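S.K.:
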Amino acid sequence: MKKLIVVLFALAVLISAVPAFAEGELVGVAMPTNSLQRWNQDGQNMKAQLETAGYEVILEYANNDVALQISQIENMILSEVKVLVIASIDGGALGDVLKTASENSIPVIAYDRLITGTEYVDYYTSFDNYRVGKFQGDFIVEALDLENAEGPFNIEYFGGSPDDNNAHLFYQGAIDVLQPYVDAGKLVNPSGQKDFETVAILGWGTDDAQARMDNLINGYYADGTPLDVVLSPNDSLALGIANSLTAAGFTEENWPVLTGQDCDIPNTINIINGKQSMSIFKDTRTLASKTVEMVGQILSGEEVEVNNTTDYDNGVKVVPSYLNDPVFADINNYKELLIDSGYYTEDQLTVK
Ligand code: BGC
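In the numbering used here, the protein residues as written are 268 to 619.
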């Protein structure tokens, strides 16, 4: 009898150690666009990791078109997915379709971007987005030695897409760091354009950022006024800003400090060539594996691991979240972060 109990106990331990088998359950993954490197990586990582875990996957990209994303999600619901993972385009536009998901008992994970204004979102996985903005602000403070230098330094501000909740957090994080130096007169803003709604680039477009930077240069810097720093929330904008600076004849001598986020390949190359000062590395492999883990926990009825239950209020409820740590990247650590970790090959970062 004793032996039998020991065997049964050993069996129970063994079974609980085996990850819940997914048995081909269908998971819907909705991504905003495949025009940006990061979302391609997110989509591929999610699909590969879900398939490795035994799930079947419907993966869709919506070309930054809100209506298309909604219809893709509707189709996923019709296909009877068991969980929806959504990186939204307009975080506030999914209330109706997610109500349908809820009526069909489909749990929803908001991926990287919070889904707002609805109760029908169950979890959120992302990076600490406010911290991303703080890193960008801290970098500017250090690069210009704002603690000690008198300045004044000229700064221009850019914000991300206003329909993306993250964009507000990035901006707030950076401004919270920079504001004391603005108040002290060390940072001045020749264009007077600082309000988030004014500096935001709807849709995160590189060309739109380039056009706005062209206007700023023509309007406020064409007479030789030095431009010391441009706050850019991410790499797609930083790329447009760098293109504009190059076209306007900025060189190594007068190139401003320029921030970014995502460590996209063209931007990492710009970091190597001195055309971008920093970026933020958000390892999409980690975000995908955390999200896949969450899918498994939801489907097997286990407790879902979260690490933030206070900060991500979507206007209707606080969404339980798992936030990964973003990492700061610049010329000094990009090799270790991006090449040694196997994220990129050296060849990918070589201009051909
Ligand atoms: C993401 C950033 C990305 C931006 C534009 C944000 O929601 O967090 O990593 O650069 O969208 O796609």
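A virtual CB, placed ideally from N, CA and C, is assigned to each residue, including glycine. All values reported here derive from a predicted model rather than from experimental measurement.
How far does the beta strand (DSSP E) with Asp-597 in it reach, from first residue to last?
M.R.: 594 to 597
S.K.: Following the continuous alpha helix (DSSP H) through Tyr-397, name the residue where it begins and the one where it ends.
M.R.: Unbroken alpha helix (DSSP H) run through Tyr-397: 396 to 410.
S.K.: For the ligand BGC, is there any heavy atom lying closer than 7 angstroms to the beta carbon of Asp-309?
M.R.: no
S.K.: Pairing CB atoms from the stretch 359 to 367 with CB atoms from the stretch 334 to 346, are three or more of them under 8 angstroms?
M.R.: yes
S.K.: Leaving out the 5 sequence neighbours to the left and right, which residues in its chain are closer than 7 angstroms to Asn-501 when beta-carbon positions are compared?
M.R.: Counting only residues of its own chain and dropping the five nearest sequence neighbours on each side, Asn-501 has a CB closer than 7 angstroms to the CB of Gly-427, Trp-471, Gly-527, Gln-528, Asp-529.
S.K.: Restricting to Cα atoms, I'd like to know which of Ile-376, Val-573, Phe-420, Asp-431 is closest to Asn-396.
M.R.: Across the set Ile-376, Val-573, Phe-420, Asp-431, the C-alpha of Asp-431 shows the shortest separation from the C-alpha of Asn-396.
S.K.: Looking at C-alpha atoms only, which residue of Ser-302, Val-585, Val-449, Gly-291 is the closest neighbour of Glu-318?
M.R.: Gly-291
S.K.: Cβ-heavy atom distance between Arg-552 and the ligand BGC below 7 angstroms?
M.R.: Distances taken from the Cβ of Arg-552 to the heavy atoms of the ligand BGC include none shorter than 7 angstroms.
S.K.: Please report how far the alpha carbon of Val-285 lies from the alpha carbon of Ile-422, in whole angstroms.
M.R.: The predicted position of Val-285 is uncertain, since its pLDDT is 41 and thus under 50; no value can be drawn from it.
S.K.: Quick check: what's the CA-CA separation for Val-571 versus Val-562?
M.R.: 9 angstroms
S.K.: Can you find the residues in the same chain that come closer than 6 angstroms, C-beta to C-beta, to Ala-277, ignoring five residues on each side of it along the sequence?
M.R.: Unreliable positioning characterises Ala-277 in this predicted model, as indicated by a pLDDT of 49, which lies under 50. A coordinate reading is not provided.
S.K.: Beta carbon of Asp-607: closer than 7 angstroms to some heavy atom of the ligand BGC?
M.R.: no
S.K.: State the Cα-Cα distance for the pair Ser-355 and Asn-415, rounded to the nearest angstrom.
M.R.: As the crow flies, the alpha-carbon of Ser-355 is around 42 angstroms from that of Asn-415.
S.K.: Following a CB-centred definition, is Gly-427 positioned closer than 7 angstroms to any heavy atom of the ligand BGC?
M.R.: At least one heavy atom of the ligand BGC is found less than 7 angstroms from the C-beta of Gly-427.
S.K.: Taking Ala-467 as part of the alpha helix (DSSP H), name the residues at either end of that continuous run.
M.R.: Counting along the chain, Ala-467 falls outside any alpha helix (DSSP H), and DSSP gives it neither H nor E.
S.K.: Quick one, are the C-beta atoms of Asn-307 and Ile-344 less than 8 angstroms apart?
M.R.: no
S.K.: Please determine whether the Cβ atom of Lys-401 lies at a distance below 7 angstroms from any heavy atom of the ligand ADP.
M.R.: Looking for the ligand ADP in the displayed structure turns up nothing; the ligands present are the ligand BGC.
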